[in-house]
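The numbering of the sequence shown is the numbering used here, which starts it at 1 and goes up by one. All remarks here apply to the structure that follows.
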Amino acid sequence: MDFIKKYKWFIISGIVALAIIILLTFVFIKNKKVNVEDDVKVEFSGYNGSGYAHISDKSLEKITNKLLAQALRQADFKNKDVIEMIEKGNTDDLDSEKFTKEEQDQLLKAGKILESFDLDIDKEDKLSNGDKIKVTLKIKKNMSKEYQLKAKEFTKEFKVSGLKNPKSLDAKSLFEGLNPTFTGLNGSGQLHLLYKDAPESIKKLSLSSFEFTVPNNGKLKNGDKIKLEVPEEVVKQINDSESTNFKGNTTYELEVKDLKDINKLENVSALLEDNTKLINDRFKSSSYSKSSTEQIGQYFKTSNNLDSEYGFGSSDSDNTSEKISPVRDIEDTRVTLITAVKVTETSKYSDPEVKYAYSGYSNYLLEGNRLTKDDTTREIDELNSEEDLEEFNNTLDSNGFIAL
Numbered sequence: 001m002d003f004i005k006k007y008k009w010f011i012i013s014g015i016v017a018l019a020i021i022i023l024l025t026f027v028f029i030k031n032k033k034v035n036v037e038d039d040v041k042v043e044f045s046g047y048n049g050s051g052y053a054h055i056s057d058k059s060l061e062k063i064t065n066k067l068l069a070q071a072l073r074q075a076d077f078k079n080k081d082v083i084e085m086i087e088k089g090n091t092d093d094l095d096s097e098k099f100t101k102e103e104q105d106q107l108l109k110a111g112k113i114l115e116s117f118d119l120d121i122d123k124e125d126k127l128s129n130g131d132k133i134k135v136t137l138k139i140k141k142n143m144s145k146e147y148q149l150k151a152k153e154f155t156k157e158f159k160v161s162g163l164k165n166p167k168s169l170d171a172k173s174l175f176e177g178l179n180p181t182f183t184g185l186n187g188s189g190q191l192h193l194l195y196k197d198a199p200e201s202i203k204k205l206s207l208s209s210f211e212f213t214v215p216n217n218g219k220l221k222n223g224d225k226i227k228l229e230v231p232e233e234v235v236k237q238i239n240d241s242e243s244t245n246f247k248g249n250t251t252y253e254l255e256v257k258d259l260k261d262i263n264k265l266e267n268v269s270a271l272l273e274d275n276t277k278l279i280n281d282r283f284k285s286s287s288y289s290k291s292s293t294e295q296i297g298q299y300f301k302t303s304n305n306l307d308s309e310y311g312f313g314s315s316d317s318d319n320t321s322e323k324i325s326p327v328r329d330i331e332d333t334r335v336t337l338i339t340a341v342k343v344t345e346t347s348k349y350s351d352p353e354v355k356y357a358y359s360g361y362s363n364y365l366l367e368g369n370r371l372t373k374d375d376t377t378r379e380i381d382e383l384n385s386e387e388d389l390e391e392f393n394n395t396l397d398s399n400g401f402i403a404l
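Pasting the structure below:
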């Protein structure tokens with residue numbers, strides 16, 4: 001007893017000090033702010049000059065779980081096992097419907113508390129390597145303290161890196177990437193631009209809706225030099241695509257090549273003989289009149305479309321255009337081959353009559369170094385013959401025919 005009396009005040013002082021320490025520890029723990037600054041990880045994507053920044057999914061999940069656990073503590077959520085599972089990211093097995101009514105109310109309050117913070121990136125797009133961005137966590141001050149999340153505010157700076165450089169294009173690389181291909185025959189060639197096997201950077205541009213001008217297209221011959229221009233709207237499309245940018249010349253010169261000469265095709269002579277047979281059958285003499293024919297020329301035309309049975313006599317100007325758009329594939333080359341003649345018809349009872357006509361076949365298929373027939377090849381007997389040679393020649397020209 002003497003010992004207690006002697007040290008009573010020391011014991012009381014110790015108990016009071018311990019109580020104060022416990023109280024301060026409790027208050028500190030209760031008021032401690034969670035710090036997620038070190039958990040913030042930013043990822044960069046896209047291309048240099050047009051890059052994007054976002055907080056990584058894994059980082060955002062970790063931050064969200066920590067802040068939710070803090071909000072639950074502030075809402076007096078007592079189930080420490082649940083809080084621990086959330087902090088560790090083991091939320092797949094949690095089912096809020098199994099919580100007690102009190103826990104569900106506390107969960108709702110925690111959700112309200114979570115509405116009191118903002119986590120923002122000051123610049124998320126149009127980024128270049130070397131740029132600096134800031135991630136900021138702020139607590140809203142316009143809410144009651146009861147619903148203010150106890151989290152440490154911070155501003156963290158990141159340097160942009162790892163953005164890929166966009167592919168630079170000029171007229172040469174663009175047109176060569178579109179695999180310029182000539183079809184037809186020498187003197188009737190036309191240019192096609194193909195995106196099927198183009199580099200991925202060009203495929204992504206979706207240029208099939210744009211038009212490029214090809215001077216004299218449909219009448220090209222080997223050795224011709226054609227100047228191609230990249231339209232302004234295509235340049236804009238390239239620069240707006242982020243993965244590419246346009247630099248350098250907007251014009252590109254291309255030499256026409258690889259067109260076959262119709263006179264050197266293996267079977268063209270035999271096919272012209274077929275034309276002669278058609279003409280002889282068409283203009284036979286009879287007991288009432290005599291017909292004689294004089295060949296005035298042989299002509300051809302090419303197309304990547306079939307000539308329709310009823311539309312042959314119309315102008316073919318829309319079949320081949322100086323405005324072309326990139327396509328995936330090219331249709332087979334079709335050839336029409338005709339022989340033009342001067343026809344003189346005489347009879348006992350009238351003066352000689354002169355007219356001009358042509359016959360032949362349309363829709364031959366150009367295969368290798370030959371013209372072949374298929375089920376679309378058909379005879380042509382042009383009924384609307386002309387009495388005037390100049391008008392006849394104009395008809396041939398307007399239908400796109402070229403002399404052999």
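Built from N, CA and C at the ideal position, the CB exists for glycine as well.
Residue burial classification, residue i (beta-carbon count within 10 angstroms, cutoff 16)
i           : result
residue 35  : exposed
residue 356 : buried
residue 295 : exposed
residue 245 : buried
residue 288 : exposed
residue 68  : buried
residue 100 : exposed
residue 309 : Because residue 309 carries a pLDDT of 49, less than 50, the predicted location of this residue cannot be relied on, and the following value inherits that uncertainty. Answer is exposed; the Cβ neighbour count stays below 16.
residue 162 : exposed
residue 53  : buried
residue 397 : exposed
residue 27  : Confidence is the limiting factor: at residue 27 the pLDDT is only 46, short of 50, which leaves the residue's position unreliable and the question unanswerable from this model.
residue 269 : exposed
Alpha-carbon spacing of residue i relative to residue j, whole angstroms
i           : j           : result
residue 59  : residue 146 : 27 Å
residue 263 : residue 404 : 7 Å
residue 41  : residue 177 : 39 Å
residue 349 : residue 401 : 37 Å
residue 72  : residue 139 : 17 Å
residue 274 : residue 292 : 18 Å
residue 250 : residue 87  : 58 Å
residue 105 : residue 153 : 27 Å
residue 304 : residue 297 : 24 Å
residue 195 : residue 229 : 17 Å
residue 51  : residue 127 : 4 Å
residue 337 : residue 233 : 40 Å
residue 242 : residue 94  : 43 Å
residue 253 : residue 379 : 40 Å
residue 302 : residue 221 : 13 Å
residue 312 : residue 240 : Reliability fails at residue 312, whose pLDDT of 45 lies under 50, so the model's placement of it is uncertain and the value that follows must be treated cautiously. Spanning the two alpha carbons is a distance of roughly 44 Å.
residue 78  : residue 57  : 29 Å
residue 334 : residue 374 : 11 Å
residue 164 : residue 144 : 46 Å
residue 107 : residue 98  : 12 Å
residue 282 : residue 353 : 16 Å
residue 197 : residue 329 : 10 Å
residue 129 : residue 46  : 11 Å
Minimum C-alpha distance to residue i - residue among the options
i           : options               : result
residue 367 : 287, 38 and 184       : 184
residue 188 : 352, 269, 258 and 354 : 258
residue 55  : 121, 282 and 341      : 121
residue 392 : 142, 340 and 65       : 340
residue 327 : 237, 207, 362 and 321 : 207
residue 376 : 370, 363, 182 and 261 : 363
residue 202 : 268, 343 and 175      : 175
residue 359 : 200, 197, 280 and 65  : 280
residue 137 : 334, 332, 38 and 306  : 38
residue 192 : 204, 198 and 179      : 179
residue 460 : 214, 199 and 169      : Absent from the structure is residue 460, since the part of the chain shown begins at 1 and ends at 404.
residue 117 : 91, 151, 125 and 132  : 151
residue 407 : 190, 142 and 231      : The chain is shown from 1 up to 404; residue 407 falls before or after that span and cannot be answered.
residue 406 : 167, 135 and 166      : Residue 406 lies beyond the residue range present for the chain, which begins at 1 and ends at 404; the question has no answer from this structure.
residue 381 : 321, 276, 102 and 113 : 276
residue 209 : 125, 342, 324 and 398 : 324
residue 43  : 158, 215 and 62       : 158
residue 299 : 186, 322 and 266      : 186
Beta-bridge pairing of residue i - partner residues as DSSP gives them
i           : result
residue 52  : 45
residue 298 : 339
residue 172 : Residue 172 pairs with nothing; no bridge assigned.
residue 357 : 341
residue 127 : 51
residue 366 : 371
residue 253 : 227
residue 151 : 34
residue 133 : 158
residue 378 : 362
residue 235 : DSSP output for residue 235 lists no bridge partner at all.
residue 327 : 194
residue 118 : 138
Interface flag, residue i vs chain D, CB-CB below 8 Å
i          : result
residue 56 : Going by chain labels, chain D is absent from the structure shown, which holds only one protein chain.
Query - Continuous alpha helix (DSSP H) assignments of at least 4 residues falling wholly in the stretch 185–216 - result: For the stretch 185–216, the continuous alpha helix (DSSP H) assignments of 4+ residues that do not extend past its boundaries occur at 200–203, in sequence order.
Query raised in the report: Fully enclosed by the stretch 57–125, which beta strand (DSSP E) runs are 3 residues long or longer?
Result: 117–121
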